[in-house]
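Participant:
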Amino acid sequence: MVSNRFLLPGIAALMALSGVDALVPSRSDIVSISRPSSSLHLVPKGCGAKPFEKKKIAVFGAGGYLGAVVFGFLQRAASIVNIITLELDLSLERYGTGIAGGPSPRAICATGSGSDALNKVLGSSFRLAYAGEDLVRLVDTSDVDHIKERLNNYDAAIIGTTYQLERRSVTLNTYEKTPNDKTYEFYLDERYGAWDNDVPSDDSDIHASIFKNTVRACKEAGICHLVVVETPKTVHHVDFLKVLEEEGVPYTYIRTASALKKDVTYTFEKGISNKLGVVRLSLGSKLASVDTTKTEKSLPVNREDIAALIVQSLISLDWAQSRILQINSSVYNVTSGYGAKESRGQRYDKEWCPNSKIFADVLSVL
Ligand SMILES: *[C@@H]1O[C@H](CO)[C@@H](O)[C@H](O)[C@H]1NC(C)=O
Ligand SMILES: *[C@@H]1O[C@H](CO)[C@@H](O)[C@H](O)[C@H]1NC(C)=O
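Letter by letter, the sequence shown follows residues -22 to -1, 1 to 344 in mature numbering (1 follows the signal peptide of the UniProt record, and there is no 0).
1. Taking 6 angstroms as the limit, name every residue whose beta carbon sits nearer than that to some heavy atom of ligand 2, in sequence order.
2. Do you know how far the Cα of aspartate 181 is from the Cα of glycine 315?
3. For serine 236, count neighbouring C-beta atoms within 10 Å of its own C-beta (all shown protein chains included) and say buried if the count is 16 or more, exposed if not.
4. By the three-class DSSP mapping on this structure, what secondary structure does cysteine 87 have?
5. Excluding five sequence neighbours on each side, which residues of the same chain lie with their C-beta closer than 7 angstroms to the C-beta of valine 343?
6. Is any heavy atom in ligand 1 found nearer than 7 angstroms to the beta carbon of serine 276?
7. So what does DSSP say about leucine 303, is it helix, strand or coil?
8. Mind checking which residues open and close the beta strand (DSSP E) that includes alanine 286?
9. So, helix, strand or coil for leucine 222, using DSSP?
10. Under a three-way DSSP split, which group does tyrosine 132 fall into?
11. Whole angstroms are fine: how far does the CA of glutamate 225 sit from the CA of residue 356?
12. Distance, Cα to Cα, threonine 156 vs leucine 150?
13. What I want to know is whether the C-beta of serine 251 ends up closer than 7 angstroms to one or more non-hydrogen atoms of ligand 1.
14. Looking at serine 179 and ligand 1, is the gap between the Cβ and the nearest heavy atom below 7 angstroms?
15. In the DSSP assignment, find the alpha helix (DSSP H) that holds lysine 23 and state where it starts and stops.
16. So, helix, strand or coil for serine 38, using DSSP?
17. What is the DSSP secondary structure of isoleucine 250, reduced to helix, strand or coil?
18. Leaving aside the five residues before and after serine 300 along the sequence, list all residues of the same chain whose C-beta is less than 8 angstroms from its C-beta, in chain order.
19. I need the DSSP call for phenylalanine 51, collapsed to helix, strand or coil.
20. With 16 as the cutoff for other CB atoms within 10 Å, does valine 37 come out buried or exposed?
21. Compare the Cα-Cα distances from glycine 90 to each of Asp217, Lys239, Gly101, Gly39 and report the closest residue.
22. Are alanine 88 and glutamate 163 close, meaning C-beta to C-beta below 8 angstroms?
23. At a cut-off of 7 angstroms, would you count serine 267 as near ligand 1, judging by its Cβ distance to the nearest heavy atom?
24. Roughly how many angstroms separate the alpha carbons of histidine 185 and tyrosine 141, rounded to a whole number?
25. Quick one: Cα of lysine 98 to Cα of valine 47, how far?
26. In the DSSP assignment, find the beta strand (DSSP E) that holds isoleucine 232 and state where it starts and stops.
27. DSSP state of threonine 161, grouped into three classes?
28. Is serine 260 near ligand 1, with its Cβ less than 7 angstroms from a heavy atom?
29. How far does the alpha helix (DSSP H) with arginine 194 in it extend, from its first residue to its last?
30. What residue range does the alpha helix (DSSP H) around valine 122 cover?
31. Does valine 117 come within less than 8 angstroms of chain C when only Cβ atoms are used?
32. Whole angstroms is fine: what's the gap from phenylalanine 30's alpha carbon to tyrosine 132's?
33. Name the residue from Leu238, Leu287, Gly323, Ser147 whose alpha carbon lies nearest to the alpha carbon of leucine 52.
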């Protein structure tokens, strides 16, 4: 009996390849021996690389639709780890995600209306999933220290460049100075039906300040990696990239020149809908402004697919590096079969998102 507890993951994988069998899985090497040879290139370099060092993730603007779907996938990704540890299941689909449960994911909003909006999406698209008060923190976006204190011990954060804003009263017993204080709730990337008449038409200063304070707070709180979504409302993407470079927290910056759409009947069992084209642009390259490319007729990208790509990028990509990813829809549609072409006995409780391994594949070659 060979104990491979102390072997490097690569060696363990080679042993699995060369037919060394009867290895007893120990907590530290379940992933490495479980990978079939054809998928060796799928070795995750993000938090999926060390699934038992569970990483805590914060989602800014989680009341917005995109933010809420990211949050829902993260909750699922956290629970999949538990399935592995309980069942010691070794198939690739069930490898650990390295995403923590318990107090994570954490929704970062400005007011109670953010968490209400989050729970509406969790209730309808994630089988009545729920984010209780313990998973939500309301922050004063004008105060770096206030944000920072709510990120202590967190490992990564998902943030937007330009959110949808909604004028709201500061939730009582949080950070109000007088009972009538107002603030802006911020939604990633938007909340359907949000009341945004009360927002100045040129609100770029507000966004610049929220972004700068957020990135600074993340840095001071010791966040190791940021996933930044360039939302369709973004005007000067250069300003946001400049802040990221100045603060120096490694980041994955995700942008698209396509319009975004939403599947109004989305439920997580549907998984991803399109393979997505993902191109890695070199840092500092001059990015085409989205406005000029909007005129090109490109297929819209589903928000649910972007949300899954964000979570998969945390699992798959090296957190120590920064990168810019430009995405579009490809001609390859994908379906889990949910609701239509389901195979007999099809189950959805073993994966955080059906077909997410297609994204793992796409990201592994970047
Ligand atoms: C997506 O982008 C790539 C590279 O930028 C391009 O070659 C491809 O044609 C695009 N796909 C679609 C369907 O527009
Ligand atoms: C993929 O799906 C979209 C909408 O869901 C549809 O418009 C498009 O025609 C489909 N593409 C292919 C190649 O089937």
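Yeah, the Cβ is synthetic: ideal placement off N, Cα and C, and Gly gets one too.
Facilitator: So, from the listed chains and residues:
1. The set, ordered by position in the chain, is Val309, Asn311.
2. Near 43 angstroms, if we compare the C-alpha coordinates of aspartate 181 and glycine 315.
3. Classification of serine 236: buried, given that the 10 Å Cβ count is 16 or more.
4. Looking at cysteine 87 - three-state DSSP - the assignment turns out to be strand.
5. For valine 343, where only same-chain residues beyond five positions count, there are no Cβ hits under 7 angstroms.
6. Yes.
7. The answer is strand: DSSP assigns leucine 303 an E or B state.
8. Not the beta strand (DSSP E): alanine 286 falls in the alpha helix (DSSP H), residues 281 to 294.
9. It is helical.
10. For tyrosine 132, the three-state secondary structure derived from DSSP is coil.
11. Residue coverage of the chain in this structure runs from -22 to 344, which leaves residue 356 outside it and unanswerable.
12. Approximately 9 angstroms, taken between the alpha carbons.
13. No, Cβ of serine 251 sits at least 7 angstroms from all heavy atoms of ligand 1.
14. Result no, Cβ not under 7 angstroms from ligand 1.
15. For lysine 23, no alpha helix (DSSP H) encloses it, and the DSSP letter there is neither H nor E.
16. Note on identity: in this sequence residue 38 is phenylalanine, with serine being the wrong assignment. Of the three classes helix, strand and coil, the one that applies to phenylalanine 38 here is strand, per DSSP.
17. In the three-state reduction of the DSSP assignment, isoleucine 250 falls in the coil class.
18. So the qualifying residues of the chain are Leu222, Pro228, Tyr229, Thr230, Tyr231, Leu261.
19. Here phenylalanine 51 sits in helix by DSSP.
20. By the neighbour-count rule (16 or more Cβ atoms within 10 Å), valine 37 is buried.
21. Distances from the alpha-carbon of glycine 90 to those of Asp217, Lys239, Gly101, Gly39 put Gly39 closest.
22. Yes, the Cβ-Cβ distance between alanine 88 and glutamate 163 is below 8 angstroms.
23. It does not: the Cβ of serine 267 is nowhere closer than 7 angstroms to a heavy atom of ligand 1.
24. As the crow flies, the alpha-carbon of histidine 185 is around 7 angstroms from that of tyrosine 141.
25. Going from the Cα of lysine 98 to the Cα of valine 47 covers about 11 angstroms.
26. In the DSSP assignment, isoleucine 232 falls within the unbroken beta strand (DSSP E) covering 229 to 234.
27. DSSP, read as helix, strand or coil, puts threonine 161 in strand.
28. No, Cβ of serine 260 sits at least 7 angstroms from all heavy atoms of ligand 1.
29. For arginine 194, the uninterrupted alpha helix (DSSP H) segment begins and ends at 182 to 198.
30. For valine 122, the enclosing alpha helix (DSSP H) starts and ends at 122 to 127.
31. Included in the structure is just one protein chain, with no chain C present.
32. Computed Cα separation, rounded: 16 angstroms.
33. Comparing alpha carbon positions, the residue from Leu238, Leu287, Gly323, Ser147 closest to leucine 52 is Leu287.
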